[in-house]
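Okay, structure first, notes after.
In UniProt numbering, the protein residues as written are 1 to 129.
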């Protein structure tokens with residue numbers, strides 16, 4: 001008379017994705033000091049390359065050559081990155097003080113997320129409904 005049906009949903013995939021997401025965020029927060037140190041070192045290398053390139057470009061411009069647009073775009077990008085990194089380092093001490101449990105989590109996970117994840121990655125995605 002009555003038909004019965006059962007729906008079997010596997011939550012394994014969803015649970016795995018959520019746990020991986022949480023682990024990545026926790027790992028990021030846990031390694032925050034190391035990540036910031038690595039960023040500082042990388043930024044020093046980038047600045048050195050920028051300075052070398054700028055000196056070379058200036059020398060060639062003095063010899064009558066013109067700066068290529070590609071070089072100018074790269075130098076502008078480096079300036080933008082440098083500004084973003086300086087902004088991160090300006091809140092570095094405060095954010096490191098917010099860490100608790102030996103650096104495994106933040107006292108304010110949401111605040112740390114908002115401070116350290118670039119806004120272009122945090123923008124909500126509209127579905128147009």
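Ideal placement from N, C-alpha and C gives every residue a C-beta, glycine not left out.
Under the three-pair Cβ rule at 8 Å, the segment 34 to 44 does not count as touching the segment 68 to 79. Check the Cα spacing between residue 73 and each of 54, 94, 32 and 36: the tightest is with 54.
In its own chain, leaving out the 5 sequence neighbours on each side, no residue places its CB closer than 6 Å to the CB of residue 93. Under the three-state reduction of DSSP output, residue 91 falls in the coil class, being neither helix nor strand.
Judged by DSSP secondary structure, residue 56 falls within the alpha helix (DSSP H) whose first and last residues are 32 to 62. For a cut-off of 8 Å, the C-beta gap from residue 75 to residue 50 is around 7 Å, short enough to register as a contact.
With a contact defined as Cβ atoms closer than 8 Å, residue 61 and residue 67 qualify at about 6 Å. Spanning the alpha carbons of residue 84 and residue 91 requires a straight line of approximately 11 Å. Rounded to whole angstroms, the separation of the alpha carbons of residue 57 and residue 48 is 14 Å.
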